[in-house]
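J.: First the structure, which I've put down as structure tokens, then a few questions once you've had a look.
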Amino acid sequence: MLTIDLLIEARWIIPIEPPGITLEHHAVAIDAGRIVSLLPTEHAQAQFQPRHTVTLSNHVLLPGFINLHSHAAMTLLRGYYADDIKLMDWLNQPICPGEDRHVSPAFVRDGTLLACAEMLRGGITCFNDMYYYPEAAADAALRLGMRASLGILATEFPSAYAADADDYLSKGLSARDTLRDEPLISFCMAPHSPCTVADKTFERIATLSAQLDLPIHIHLHETRKEIEESIRQHGIRPLERLRRLGLLGPSLIAVHAIHLEPSEIVLLAEEGCHVAHCPTSNLQLTSGIAPVHDLAQRGVRLGLGSDGVAGNNRLDLFREMNLASLLAKLSSHDATTLGAHAVLRMATLNGAAALGQDKRCGSLVAGKQADICAVSFEDFSLAPCFSPAYHLVHVVGREHVSHVWVDGNACVIENKLQTIETSELLAIVNLWHNRLGS
Ligand SMILES: [Zn+2]
4 MLTIDLLIEA
14 RWIIPIEPPG
24 ITLEHHAVAI
34 DAGRIVSLLP
44 TEHAQAQFQP
54 RHTVTLSNHV
64 LLPGFINLHS
74 HAAMTLLRGY
84 YADDIKLMDW
94 LNQPICPGED
104 RHVSPAFVRD
114 GTLLACAEML
124 RGGITCFNDM
134 YYYPEAAADA
144 ALRLGMRASL
154 GILATEFPSA
164 YAADADDYLS
174 KGLSARDTLR
184 DEPLISFCMA
194 PHSPCTVADK
204 TFERIATLSA
214 QLDLPIHIHL
224 HETRKEIEES
234 IRQHGIRPLE
244 RLRRLGLLGP
254 SLIAVHAIHL
264 EPSEIVLLAE
274 EGCHVAHCPT
284 SNLQLTSGIA
294 PVHDLAQRGV
304 RLGLGSDGVA
314 GNNRLDLFRE
324 MNLASLLAKL
334 SSHDATTLGA
344 HAVLRMATLN
354 GAAALGQDKR
364 CGSLVAGKQA
374 DICAVSFEDF
384 SLAPCFSPAY
394 HLVHVVGREH
404 VSHVWVDGNA
414 CVIENKLQTI
424 ETSELLAIVN
434 LWHNRLGS
């Protein structure tokens, strides 16, 4: 018998790969943070000698969710925009109202800590972030044991963090250098949006992305006004501008991608671009409904993102999955659009692929890191269950997440965070609540 660190036995497993399957009474064998095997429980019991066994008799196991677009530190401003604000009123500024007085490494570390705690407890094991002070965000993610892709931010607007676009890039690149030996941390180029980044900065970003093999994470075609502004300033729409500047390709993660002509959907597909779909943010800011059905039909790979608190006050991929499915059905006038397995793939493997991490995470396959989420079905409000996949998208809430592992380490056990005490987290948040309220 082979000795391993951990055996997780589950009633159901949705591995995402191969697509569309739900296994019953299977187990995941894990050693040194990696998935060794996924096999029927009785075979696993005969084959492995685990140091630790977790039996989840009425649960579904699936890969941890990947939040493909966030501004995690802003979670300290949750509800701060409660009186509602038009997107363009703050999109043209690098700093939103309320942030300007407070943004600092401490703000970013504490805000990201709060965000990571919320995300982990809701089954999210990796997030793709765009914000200032990425080293402070990394501190928080590493403290809680979460995987993070951090943005090398670029904008032409000065802030407390950086003076100009070159300064943003050099600070982000330096953070990447400092953190190069952290296996849970990776980086993306993160030009904020077409409205806030100049051509010469985009050209430099295209070069850096190619040289360093980094994805490019950008808000794109989010509002009609963004497109009008681009036509006024550059004579072309933002996507065409990025094409001419050499940014399109499999490295590009277009966040929102709402206002698209049919030819632009074809272009995104032909270039192998990824889209981070953020349905709650698109609704809250009334930006529009992304043409998810058409994008998927053309073969564009879509992941799911929460966005930050200016557009969404929850970091909850269960809600994003539900809304993504319902909006796609409504906008395509077809109830069969975006079925449950397709949505689950968006929230997991597609996000990993967009980040260039699909060899490492995003599905429960031997050889990948053990980033896993378990959902408990021991609640009458989830009964009866005929299809666990359908339940995950349309019935389950994040409160039903019972266990979360990242790299094989338990971050949540029986709904409880293992890497920080709730009392400590609340004390940190209360401190900022008092400061922000003043
Ligand atoms: Zn955003």
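In our numbering, the protein residues as written are 4 to 441.
All residues carry an ideal CB built from backbone N, CA and C; glycine is no exception.
Please read all numbers here as calculations on a predicted model, not as lab measurements.
1) Assign residue 4 to buried or exposed, taking buried as 16 or more other Cβ atoms, counted over all protein chains shown, within 10 Å of its Cβ.
2) Compute the distance between the beta-carbons of residue 435 and residue 147, then report whether it is under 8 Å.
3) By the three-class DSSP mapping on this structure, what secondary structure does residue 190 have?
4) Per the contact definition of three or more C-beta pairs closer than 8 Å, is the segment 252-268 in contact with the segment 51-70?
5) Do residue 343 and residue 295 count as a contact pair if the criterion is CB distance below 8 Å?
6) Is residue 310 close to ligand 1? I mean its beta-carbon at under 7 Å from any heavy atom of the ligand.
7) In this structure, does DSSP put residue 160 in helix, strand or coil?
8) Which runs of the alpha helix (DSSP H) at least 4 residues long sit entirely within the segment 33-89? Give them in chain order.
9) Give a yes or no on whether the C-beta atoms belonging to residue 178 and residue 137 are separated by under 8 Å.
10) Shorter than 7 Å, the distance from the beta carbon of residue 258 to the closest heavy atom of ligand 1, or not?
11) If we call anything under 8 Å between Cβ atoms a contact, is residue 416 one with residue 406?
12) With respect to 7 Å, is the separation between the Cβ of residue 74 and the closest non-hydrogen atom of ligand 1 below this value?
13) Are residue 270 and residue 241 close, meaning C-beta to C-beta below 8 Å?
14) Just to confirm before moving on: does the CB-CB distance between residue 246 and residue 409 stay below 8 Å?
15) Assuming contact is defined by CB atoms lying nearer than 8 Å, are residue 285 and residue 268 in contact in what I supplied?
16) Per DSSP, residue 223 forms a beta bridge with which residues?
17) Which partner residues of residue 408 appear in the DSSP bridge assignment?
18) Can you grab the Cα-Cα spacing for the pair residue 38 / residue 9, in whole Å?
19) Going straight from the alpha carbon of residue 275 to that of residue 304, what length do you get?
20) Mind checking residue 1: buried by the 16 CB within 10 Å criterion, or exposed?
21) Which same chain residues end up closer than 6 Å to residue 194 when comparing Cβ atoms and leaving out the 5 residues on each side of it in sequence?
22) If you draw a straight line from the alpha carbon of residue 266 to that of residue 32, how long is it in whole angstroms?
23) Just to confirm, are residue 420 and residue 26 a CB contact at a threshold of 8 Å?
24) Cβ of residue 304 less than 8 Å from any chain B Cβ?
25) Using the Cα positions of residue 302 and residue 272, report the straight-line distance between them to the nearest angstrom.
26) Is residue 128 closer than 8 Å to residue 376 when the C-beta atoms are compared?
27) Distance, Cα to Cα, residue 293 vs residue 329?
28) Given a cut-off of 8 Å on the beta-carbon distance, is the pair residue 139 and residue 119 in contact?
29) I'd like to confirm the pairing. Which residues does DSSP put opposite residue 131 in its beta bridges?
30) By Cβ distance below 7 Å, which residues in the same chain neighbour residue 82 in space, the five residues on each side in sequence not counted?
31) Below 8 Å CB to CB, which residues in the same chain sit around residue 443 once its five sequence neighbours on both sides are set aside?
32) Are there 16 or more other CB atoms within 10 angstroms of the CB of residue 427, so buried, or fewer, so exposed?
33) Name the residue from 189, 162, 106, 135 whose alpha carbon lies nearest to the alpha carbon of residue 363.
34) Check residue 97 in the structure and name its three-state DSSP category.
35) Under the criterion of a Cβ to heavy atom distance below 7 Å, does residue 222 qualify as lining ligand 1?
T.: Quick look at the numbers:
1) Counting Cβ neighbours within 10 Å, residue 4 comes out exposed, since fewer than 16 surround it.
2) no
3) Residue 190 sits in a strand when the DSSP states are folded into three classes.
4) no
5) no
6) In terms of side-chain proximity, the C-beta atom of residue 310 is found nearer than 7 Å to a non-hydrogen atom of ligand 1.
7) coil
8) 44-50
9) Taking 8 Å as the cut-off, the beta carbon of residue 178 is found closer than this to the beta carbon of residue 137.
10) yes
11) yes
12) Here the distance from the Cβ of residue 74 to the nearest heavy atom of ligand 1 is below 7 Å.
13) no
14) Remark: C-beta atoms of residue 246 and residue 409 do not approach each other more closely than 8 Å.
15) no
16) Partner(s): 259.
17) Paired residues: 375, 413.
18) Distance between the alpha carbons of residue 38 and residue 9 is about 10 Å.
19) 8 Å
20) The displayed coordinates of the chain run from 4 to 441. Any statement about residue 1 would go beyond what the structure contains.
21) 157, 200, 208, 221
22) 46 Å
23) no
24) Structure shown: chain B not included; a single protein chain is present.
25) 6 Å
26) yes
27) Going by the C-alpha atoms only, they are around 12 Å apart.
28) no
29) 152
30) 316
31) Lying before the first or after the last residue shown, residue 443 is absent from the chain, which here runs from 4 to 441.
32) exposed
33) 189
34) Its pLDDT being 44, under 50, residue 97 is placed unreliably in this model, and the value from its coordinates should be taken loosely. It is coil, neither helix nor strand.
35) Answer for residue 222: yes, Cβ within range of ligand 1.
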